[in-house]
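> Same order as they appear, the protein sequences are chains A and B. Mapping of the first sequence onto my numbering: position 11 corresponds to residue 11, and the numbering continues sequentially without gaps. Position in the second sequence counted from 1, then plus 206, gives you my numbering. Ideal Cβ positions, reconstructed from N, Cα and C, are used throughout, including at glycine. From a predicted model like this one, the values you see are computed outputs, not experimental measurements. One structure, as structure tokens, below. Some questions next.
Protein chains: 2
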Amino acid sequence: MNTRTGKVIVNQTITADGYSAGLDQTEEHPFGDDGGDGWGSSLHSWMFDAGEENRAEVDQINAASAVIMGRNMFGPVRGEWDRQWNGWWGDNPPFHAPVFVLTNHAREPQPMEGGTTYHFVTDGIESALKQARAAAGDGDVSIHGGATTINQYLAAGLVDELRLHIVPITLGAGVRVFDGVPPRKLEQVTARAASTVLHVTYRVLA
Amino acid sequence: MNTRTGKVIVNQTITADGYSAGLDQTEEHPFGDDGGDGWGSSLHSWMFDAGEENRAEVDQINAASAVIMGRNMFGPVRGEWDRQWNGWWGDNPPFHAPVFVLTNHAREPQPMEGGTTYHFVTDGIESALKQARAAAGDGDVSIHGGATTINQYLAAGLVDELRLHIVPITLGAGVRVFDGVPPRKLEQVTARAASTVLHVTYRVLA
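This is the structure:
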């Protein structure tokens, strides 16, 4: 009998002052005032401009068997789904797995190319996690963000592992991981410095 | 002619959510609600319980040729110096160098054993830095904290290097490095993971 179950992993790129996005997020600037082009260029250059150096961490992010994200991370459309918005990631999203999008507005599942299907969950974070776990089987569930969604899962004690990718800029304002999360004890599992990012993995103990 | 001048270095131990002390700091609990005994035990165990593993970083902190700290870090005495308070560190403090304490209340210099002398600076952070640089000669000036003092120097653009020692707990509230500091570009110079702390050094570029 195989009783192994996967972990619930958070993956988030943050600034040295803990922000995952700046103020004034819009469709044109999904990361708001992010110290760059508003598309998170300075936040994510470790992934896009230094992919080889950070291959292990990128592969780990892409290895999730199911993904959870907030509606703000999925896209800028608010309220009813009155536009055919299928995410920021084009026809063949990088997830290649079921993605559970937290929303207040019901919508039919949206299959995409390459194995990604967007499922829309209207009954809260615990339901989304239950569905994601069922879809992931023995694999890991990755809570991809944004920070508001991550903080809800952290506050509810539902996260096993927190993988932060800390980039050398500060924003001074915006959306921050850990905001509103009560004190937690962590265990530093691994940490690795690449040239433009610091990868750290914490186990959430209590 | 030797034109070399030392650097202005910040050294600060912070939680994974960026706090250097919790709420409700008092004389009995100088670090407030710090997730431990109020004396920062959980914040500073990397220094005191794992000294050998972190010898290089402790030595580096102690190598400063002059130190700057805020009055709240120096002690709990407020207003006029109506008590003979000579810091938290006993008769032979670990600095072995001149220490410039930011305060609004004048006081004569206080020599201690082992080469430490406390100087009290009433005319602001730039004056304290000028005096510390003069005292340090070619050596480095260390801004020891707390976060409120560090943030003033960061906001004024007076810091060359930021050495953060990130410990695996979160506090959820308190005094935080970077609060009120405008966006900064940093360069990640070095990073090293010990078993219970992550040491990262940033150069402050702009």
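Does any residue of chain A bring its CB to less than 8 Å from the CB of proline 315/B?
Reading the second sequence from its first residue, position 109 is the one you call residue 315/B. Closer than 8 Å: no.
> In the segment 159-192 of chain A, which residues sit with their C-beta less than 7 Å from some C-beta in chain B, listed in chain order?
Pro168, Ile169, Thr170, Leu171, Gly172, Phe178, Val181, Pro182, Pro183, Arg184, Lys185, Leu186, Glu187, Gln188 and Ala191
> Would you say glycine 224/B faces chain A, with C-beta separation under 8 Å as the test?
Residue numbering aside, residue 224/B sits at position 18 when the second sequence is read from its first letter. Chain A, which has a Cβ nearer than 8 Å to the Cβ of glycine 224/B, makes this yes.
> Which residues bound the alpha helix (DSSP H) around asparagine 151/A?
Counted from its first residue, the first sequence places residue 151/A at position 151. Note, asparagine 151/A: alpha helix (DSSP H), 147-155.
> To the nearest angstrom, report how far apart glutamine 316/B and methionine 279/B are at their CA atoms.
Locating residue 316/B in the second sequence gives position 110, where the first residue counts as 1. Locating residue 279/B in the second sequence gives position 73, where the first residue counts as 1. Taking the straight line joining both Cα atoms gives about 16 Å.
> Strictly below 8 Å CB to CB, what residues from chain B border leucine 198/A?
For the purposes of this step, residue 198/A is taken as the residue at position 198 of the first sequence. Under the 8 Å cutoff, chain B gives Gln394, Ala397, Leu404 and Val406.
> Suppose contacts are defined by Cβ-Cβ distances below 8 Å. Is arginine 133/A in contact with threonine 103/A by that definition?
Reading the first sequence from its first residue, position 133 is the one you call residue 133/A. Reading the first sequence from its first residue, position 103 is the one you call residue 103/A. Contact flag unset, no.
> For proline 76/A, tell me which candidate among Leu205/A, Trp39/A and Thr201/A has the shortest Cα-Cα distance.
Translated into the one-based positions of the first sequence, residue 76/A becomes position 76. Answer by Cα proximity: Trp39/A.
> Tell me whether valine 77/A sits in a helix, a strand or coil according to DSSP, three-state version.
Walking along the first sequence from the start, residue 77/A turns up at place 77. Valine 77/A: coil per DSSP, three-state reduction.
> Helix, strand or coil, according to DSSP, for methionine 112/A in the structure here?
On the first sequence, residue 112/A is found 112 positions in, with the first residue counted as 1. Coil.
> Could you tell me whether the Cβ of leucine 244/B comes closer than 8 Å to any Cβ of chain A?
Position 38 of the second sequence holds residue 244/B. Note that residue 244/B is glycine in the sequence shown here, rather than leucine. No, glycine 244/B lies away from the interface with chain A (no Cβ there is under 8 Å from its Cβ).
> For proline 93/A, count the other beta carbons within 10 Å of its own beta carbon; 16 or more makes it buried, fewer makes it exposed. Which is it?
Translated into the one-based positions of the first sequence, residue 93/A becomes position 93. Burial call: buried.
> Assign phenylalanine 326/B to one of three DSSP states: helix, strand, or coil.
In the second sequence, counting from the first residue as 1, residue 326/B sits at position 120. Of the three classes helix, strand and coil, the one that applies to phenylalanine 326/B here is strand, per DSSP.
> Answer with buried or exposed for valine 42/A, where buried requires no fewer than 16 other C-beta atoms within 10 angstroms of its C-beta.
Position 42 of the first sequence, counted from the start, is the residue given in the question as residue 42/A. Per the sequence presented here, residue 42/A reads as serine, with valine not at that position. Buried.
> Tell me whether histidine 250/B sits in a helix, a strand or coil according to DSSP, three-state version.
Translated into positions along the second sequence, residue 250/B becomes position 44. Three-state DSSP puts histidine 250/B in a helix.
> Can you name, in chain order, every residue of its own chain whose Cβ lies under 6 Å from the Cβ of alanine 397/B, other than the five neighbours on each side?
Residue mapping note: residue 397/B aligns to position 191 of the second sequence, counting from 1. Same-chain partners within the cutoff: Val406.
> By Cβ distance, which residues of its chain are closer than 8 Å to aspartate 33/A, with the 5 residues on each side in sequence left out?
Taking the first residue of the first sequence as 1, we reach residue 33/A at position 33. Same-chain partners within the cutoff: Gly22, Leu23, Asp24, Leu171, Ala173 and Gly174.
> Would you kindly check if the distance between the Cβ of isoleucine 349/B and the Cβ of isoleucine 274/B is under 8 Å?
In the second sequence, counting from the first residue as 1, residue 274/B sits at position 68. In the second sequence, counting from the first residue as 1, residue 349/B sits at position 143. Inclusion of isoleucine 274/B and isoleucine 349/B in the CB contact set at 8 Å is warranted, their separation being smaller than that value.
> Give the residues of chain A in contact with glycine 241/B, contact being defined as C-beta atoms less than 8 Å apart.
Start at 1 with the first residue of the second sequence, and residue 241/B comes out as number 35. Chain A residues near glycine 241/B: Pro183 and Lys185.
> Flag this pair as touching only if the segment 176-189 of chain A and the segment 152-159 of chain A have three or more C-beta atom pairs under 8 Å; answer yes or no.
yes
> If isoleucine 169/A and glutamine 12/A are in contact, beta carbons under 8 Å, what's the gap, nearest whole angstrom?
Within the first sequence, residue 169/A is the residue found at index 169, counting from 1. Within the first sequence, residue 12/A is the residue found at index 12, counting from 1. About 15 Å; that fails the 8 Å criterion.
> Tell me the DSSP secondary structure of lysine 391/B in three-state form.
Taking the second sequence and counting its residues from 1, the one referred to as residue 391/B is at position 185. Here lysine 391/B sits in strand by DSSP.
> Valine 327/B and valine 214/B - do their beta-carbons sit closer together than 8 Å?
By 1-based counting over the second sequence, the position of residue 214/B is 8. By 1-based counting over the second sequence, the position of residue 327/B is 121. No, the Cβ-Cβ distance between valine 214/B and valine 327/B is not below 8 Å.
> Just to confirm, are alanine 272/B and alanine 222/B a CB contact at a threshold of 8 Å?
Here residue 272/B refers to the residue found at position 66 of the second sequence. Here residue 222/B refers to the residue found at position 16 of the second sequence. Not in contact: alanine 272/B and alanine 222/B (Cβ atoms no closer than 8 Å).
> Contact check, alanine 334/B vs phenylalanine 301/B under 8 Å by CB: the rounded distance?
Residue numbering aside, residue 334/B sits at position 128 when the second sequence is read from its first letter. Residue numbering aside, residue 301/B sits at position 95 when the second sequence is read from its first letter. Not confirmed; about 15 Å, so no contact.
> Verify whether the separation of the beta carbon atoms of glutamate 57/A and histidine 165/A is less than 8 Å.
Within the first sequence, the letter at position 57 stands for residue 57/A. Within the first sequence, the letter at position 165 stands for residue 165/A. In this structure, histidine 165/A lies closer than 8 Å to glutamate 57/A by Cβ.
> Any idea if arginine 176/A is buried or exposed, counting beta-carbon neighbours within 10 angstroms, 16 or more meaning buried?
Within the first sequence, the letter at position 176 stands for residue 176/A. Arginine 176/A should be labelled buried.
> Is alanine 272/B helix, strand or coil by DSSP?
As a first step, residue 272/B must be located in the second sequence, where it is residue number 66. Looking at alanine 272/B - three-state DSSP - the assignment turns out to be strand.
> Can you have a look at threonine 26/A and say buried or exposed, based on whether 16 or more other CB atoms are within 10 angstroms of its CB?
For the purposes of this step, residue 26/A is identified with residue 26 of the first sequence, where counting begins at 1. Classification of threonine 26/A: exposed, given that the 10 Å Cβ count is below 16.
> Output the distance between the C-alpha atoms of phenylalanine 384/B and threonine 148/A, rounded to the nearest integer angstrom.
Along the second sequence, read from residue 1 onward, the residue named residue 384/B stands at position 178. Along the first sequence, read from residue 1 onward, the residue named residue 148/A stands at position 148. CA-to-CA, the gap between phenylalanine 384/B and threonine 148/A works out to about 20 Å.
> Please state if the CB of leucine 162/A and the CB of valine 204/A are separated by a distance shorter than 8 Å.
Translated into positions along the first sequence, residue 204/A becomes position 204. Translated into positions along the first sequence, residue 162/A becomes position 162. Yes, the Cβ-Cβ distance between valine 204/A and leucine 162/A is below 8 Å.
> If you draw a straight line from the alpha carbon of tryptophan 201/B to that of alanine 312/B, how long is it in whole angstroms?
Because chain B spans 207 through 412 in this model, residue 201/B falls outside it and cannot be assessed.
> Return the Cβ separation of glycine 352/B and serine 226/B in integer angstroms, given the expectation that the two are a contact with Cβ distance under 8 Å.
Against the second sequence, residue 352/B aligns to sequence position 146. Against the second sequence, residue 226/B aligns to sequence position 20. Confirmed, about 6 Å.
> Please state whether DSSP places glutamate 367/B in a helix, a strand or coil.
For the purposes of this step, residue 367/B is identified with residue 161 of the second sequence, where counting begins at 1. Three-state result, glutamate 367/B: strand.
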